[in-house]
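Novice: Here you go, one structure.
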Amino acid sequence: MTDTKNDWKTLIITSLSSDDDDARLFALDFLSNQNSFSVDILAEFMPLLESSLVHRDTRIRYFARRARSHIFDCFPSLNIDKTTGPVRVSDYKPVIKEGEQITAQQILLHKMYLKSRYVVFDAIERLTESSDLSLVEPMLKFLAEEKDEYKLSFLVRRLGRFKDKRIPEALVPFLDHEDSRVVANALDAFAEFDYPMIQSRLLDLAMSSDNRIRANAIKVLYRYSPSISEHHIAEMIKSKNIALQDSGVFLLNCLRPSNLGQLLEIACNSSYSSVRLKAIQIKPPSEAEKQNSEMLLKEDVEKIDPKRDAVFLICVLVVAAILLAFETEANKHLLIILFMGIGALIMLRPDTTRTSIQKSALSMGFLASMVWGSTYLMIIPGLMGLWLTWNEGRINKRGNPEKAAPENITAWFFVMGSIIISQLVLGDRSVLLRLSGKFALLCDPALLKEIAPVIATQYHFDFILFVFVSGMAIGIVRFKSWFPLKRDENGNIIESIAQKKLMLITAVFLVLITFLCSVHYVTGLMRASVLRSKPPIEILTTVINGCKDKL
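Residue numbering for the sequence shown follows the numbering used here, beginning at 109 and increasing consecutively.
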């Protein structure tokens, strides 16, 4: 039995050491299907097996990896720390002494320092395919010392084959490398690791102009934030750029996001034939994927938090109490400034997925009513807060909650500005005349006939002003649809120019509102002078004095 065992042992050792590739394949295949050898015998085979891991023939490397995995599964004790084991690569750049026999790994590590890129590429490919953790240290040192961008880009992509926590830490600086190939390949390696510390950098790279960097960044980001990644994939598929579309289709096939069906239809109708060809080769979403996608779309992303809502309510009530406590005619203008300051802080901060901006708009409208009294224009910001969707749970390219659309925020400030202008120019004229009409109707119909023309004029102006403010607010909200805007070569609106035009149109609208209010105020003064009619406060005083008996 001993001789037989030795014969088998000798045969395997001879085959693993042979230059005959078929003999090596036979021995490796045999080892990958056996679990009856002792640990001691397998330990003798391991150095020869390790040399096959970096063999020039890809078939031998494949069978060597399979045999090693099988042996480690059956005999975990052999899977020791290679940095202290007997087959440790003692020197990644060896000095060959006379009569010394060096391993295949040492030869390949030596080749990595040669000038020929193709020789270096072959050495890196064979060494990294082995996934031998004893190679991590020499590989990382080579990575730190090498300056050739071609060699770096080739190496960083293949370092992901080593399941070692030192690899992602070493790759982080290469995300800022000046060569786009190095950055893209480093991202490709990060796809093999769970390393959430780079999320903020991934968000930046997901907006890169380089389609490879962008695609690889999104691929890695999908592990941590699928919704953000899907947003970027949709942007790439809908782009007019063929490179971005092509990379977007690659991501559809690779990640199969929840919006696969929708984006696949867009890609299949691309204006580029190469994109369409790749898109039609992607398998449509299965029923299970469709159900999962529908579930995600219907999911309520707003988190209910009664404590938070109670805190916000308390804050609003405190502001209301302060306004009531300090409200006087003398400091009304100061309260206006305070109100607008609070409104600006609330409206300009990034919104969450909840409808806090809508609630804030309503709250500010109600608080303003306390300061300025009953005014019909206050219904406009209230209705805007109720019906305008300020945020639909969307996220921006940075992954942060997206602010409300600039048009909506601008429209809100326009309406509040119009209310302030009307109050500053006209004061309480509308309120006083409306009260006069109500008291006169109750007490003295004859007096009502005398003041009816003045009251009717005010009612007509109130209607005109309401229509103007409402129409202009809608115009601002629909700014991008109603006004011609400059677009770039891809058909996208140039946001910087659009913002300037939006501000200009809003300013023009406010000037028109100021003009309307001023004309009405001056017309009222002229009518009072020509017809010798009384100002609104005196009309109300007269009506009240005439109604004392009935009151």
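By construction, the Cβ of each residue, glycine as well, lies at the ideal position given by its N, Cα and C atoms.
Bear in mind the structure is a predicted one, so any value in this text is a computation, not a measurement.
Please list the terminal residues of the continuous alpha helix (DSSP H) segment that includes Gly356.
Specialist: Segment Ile350 to Leu363, the alpha helix (DSSP H) holding Gly356.
Novice: Give the range of the alpha helix (DSSP H) segment to which Phe521 is assigned.
Specialist: Pro514 to Leu534
Novice: Can you look up Tyr567 in the DSSP assignment and give me helix, strand or coil?
Specialist: helix
Novice: Kindly list the residues whose CB is nearer than 7 Å to the CB of Ile388, restricted to its own chain and excluding five residues on each side of it in sequence; keep chain order.
Specialist: Cys376
Novice: What is the DSSP secondary structure of Glu257, reduced to helix, strand or coil?
Specialist: Residue state, collapsed to three classes: helix.
Novice: For a test of the three-state rule: what should DSSP assign to Ile390, helix, strand or coil?
Specialist: Coil at Ile390, not helix or strand.
Novice: Between Glu237 and the rest of its own chain, which residues show a CB-CB distance below 6 Å, the 5 nearest in sequence each way excluded?
Specialist: Arg169
Novice: Express the C-alpha separation of Phe153 and Ile120 in angstroms, rounding to a whole number.
Specialist: Between Ile120 and Phe153, the C-alpha separation is close to 8 Å.
Novice: Per DSSP, what kind of secondary structure is His285 in: helix, strand or coil?
Specialist: Of the three classes helix, strand and coil, the one that applies to His285 here is coil, per DSSP.
Novice: By how many angstroms is the C-alpha of Ser317 removed from the C-alpha of Leu235?
Specialist: In a straight line, the C-alpha of Leu235 is about 33 Å away from that of Ser317.
Novice: Need the endpoints of the alpha helix (DSSP H) that Arg320 sits in, please.
Specialist: Asn319 to Leu329
Novice: With DSSP collapsed to three states, give me the class of Glu300.
Specialist: coil
Novice: Whole-angstrom Cβ separation of Ile390 and Asn361, contact assumed at under 8 Å?
Specialist: 5 Å
Novice: For Ser626 and Leu534, what's the separation of their Cα atoms in angstroms?
Specialist: 8 Å
Novice: For His163, does the three-state DSSP call read helix, strand or coil?
Specialist: His163 sits in coil when the DSSP states are folded into three classes, being neither helix nor strand.
Novice: Over the uninterrupted alpha helix (DSSP H) stretch that includes Ile306, give me the two end residues.
Specialist: Ile306 -> no alpha helix (DSSP H), and no H or E assigned at all.
Novice: Under 8 Å between the Cβ atoms of Ile321 and Ile345?
Specialist: Not closer than 8 Å, so no.
Novice: What are the start and end residues of the alpha helix (DSSP H) that includes Ala135?
Specialist: Asp129 to Leu139
Novice: To the nearest angstrom, how far is the alpha carbon of Asp115 from that of Thr122?
Specialist: 10 Å
Novice: Using 8 Å as the Cβ pair cut-off and three pairs as the minimum, do the segment 285-292 and the segment 300-311 touch?
Specialist: no
Novice: Who are the Cβ neighbours of Phe262 in its own chain at under 7 Å, not counting the five residues just before and after it?
Specialist: Phe229 and Ile232
Novice: From which residue to which residue does the alpha helix (DSSP H) around Met665 run?
Specialist: Given a span of 109 to 659 for the chain in the structure shown, any question on residue 665 remains unanswerable.
Novice: Could you check if Glu155 is buried or exposed, using at least 16 other CB atoms within 10 Å of its CB as the buried criterion?
Specialist: Sequence inspection shows Pro at residue 155; the Glu mentioned does not correspond to that position. So Pro155 counts as exposed.
Novice: My output table needs one value for Phe316: the three-state DSSP class, helix, strand or coil.
Specialist: A quick correction: the sequence has Ser, not Phe, at residue 316. Here Ser316 sits in coil by DSSP.
Novice: Look at the alpha carbon of Pro202 and the alpha carbon of Leu217, and state the distance between them as a whole number of angstroms.
Specialist: Caution applies to Pro202, whose pLDDT of 45 falls short of 50 and renders its modelled position unreliable; the model cannot decide the point.
Novice: Between the C-alpha atoms of Ala151 and Lys219, what's the straight-line distance to the nearest angstrom?
Specialist: 28 Å
Novice: Are the CB atoms of Cys182 and Asn143 nearer to each other than 8 Å?
Specialist: yes
Novice: Find the nearest neighbour of Phe574 within the set Leu313, Arg586 and Ile621, judged by alpha-carbon distance.
Specialist: Ile621
Novice: Among residues of its own chain, excluding the 5 on either side of Ala519, which ones have a beta-carbon nearer than 6 Å to its beta-carbon?
Specialist: Ala581, Ile584 and Val585
Novice: What is the DSSP secondary structure of Met154, reduced to helix, strand or coil?
Specialist: helix
Novice: From Ala606 to Asn516, what does the alpha carbon distance come to, in whole angstroms?
Specialist: 14 Å
Novice: Under three-state DSSP, which class holds Phe591?
Specialist: coil
Novice: Determine whether the beta carbon atoms of Ala292 and Asn324 lie at a separation below 8 Å.
Specialist: yes
Novice: Please report the residue range of the alpha helix (DSSP H) in which Leu216 lies.
Specialist: Ala212 to Lys219
Novice: Quick check: what's the CA-CA separation for Arg265 versus Gln214?
Specialist: 22 Å
Novice: Residue range of the alpha helix (DSSP H) that Phe229 falls in?
Specialist: Arg225 to Glu237
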